[in-house]
Amino acid sequence: MEALEQRILKEGQYLGNGILKVDSFINHQVDPLLMDACGREFARLFGGVGATKILTAEISGIAPALTTAIHLGLPVVYARKTKPITMPDQVYLTLAPSHTKGRMVELIVSPEHLGGGEKVLIIDDFLATGATILGLVRLTQTAGSTVVGIGTLIEKTFEGGRRALEHLGVPVFSLARIVELNEEKIVFA
0 MEALEQRILK EGQYLGNGIL KVDSFINHQV DPLLMDACGR EFARLFGGVG
50 ATKILTAEIS GIAPALTTAI HLGLPVVYAR KTKPITMPDQ VYLTLAPSHT
100 KGRMVELIVS PEHLGGGEKV LIIDDFLATG ATILGLVRLT QTAGSTVVGI
150 GTLIEKTFEG GRRALEHLGV PVFSLARIVE LNEEKIVFA
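Taking numbering that gives the first Met the number 0, the leading residue of the sequence shown gets 0, the next gets one more, and so forth.
Structure follows, in structure tokens:
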């Protein structure tokens, strides 16, 4: 998606160790018009998969998941990283490594909001190694639901995440696919 790629080139910062800082428009400060355009594009790409719910991870996946949900007319559930007291005692929980946090994080979903028989579209900010998305897949499967598609704003193709998801047999779309990332340049597929 041209608008997203241009924004990454203009404001994205390479921090080393494979980390791309995009917090001026996705991760900390959110550009709602850009996220709306991304959500519209995800709705176009996934309109035919029959999703009944969108699942994402707290916090950076919420904006693109929400705008996608608006365009598809679906509810959004986000996996929490800490369990609030308002959540029931029995929850769906998995662990996933966080590249930016440098540690394992919990992904927690209440069975009140992700039940059996749902057709789940996963939307997130990044696809790198695929670890977080595979955590969301595990939560979906534990709930007795089925993943019907995966969409990410930015994919770092050189980290192998797409290969890690191939066995799922669902469509995977990334709006900006980076094939090279270093101090001097960002190259898109």
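Even for Gly, the Cβ is constructed at its ideal location relative to N, Cα and C.
Check                                                                                                : Outcome
By the DSSP assignment, the alpha helix (DSSP H) with V136 in it spans what residues?                : 130-141
Quick one, are the C-beta atoms of S173 and T139 less than 7 Å apart?                                : no
Over the uninterrupted beta strand (DSSP E) stretch that includes T67, give me the two end residues. : Not the beta strand (DSSP E): T67 falls in the alpha helix (DSSP H), residues 61-71.
Just curious, the alpha helix (DSSP H) that R162 is in, first and last residue?                      : 160-164
What are the residues that DSSP puts in a beta bridge with Q12?                                      : K20
What does DSSP give as the partner residue(s) for R176 in the beta ladder?                           : E154
Identify the continuous beta strand (DSSP E) that holds L167 and give its terminal residues.         : From DSSP, L167 is part of no beta strand (DSSP E); its letter is neither H nor E.
According to DSSP, simplified to helix, strand and coil, what is I185?                               : strand
L120: buried (16+ other C-beta within 10 angstroms of its C-beta) or exposed?                        : buried
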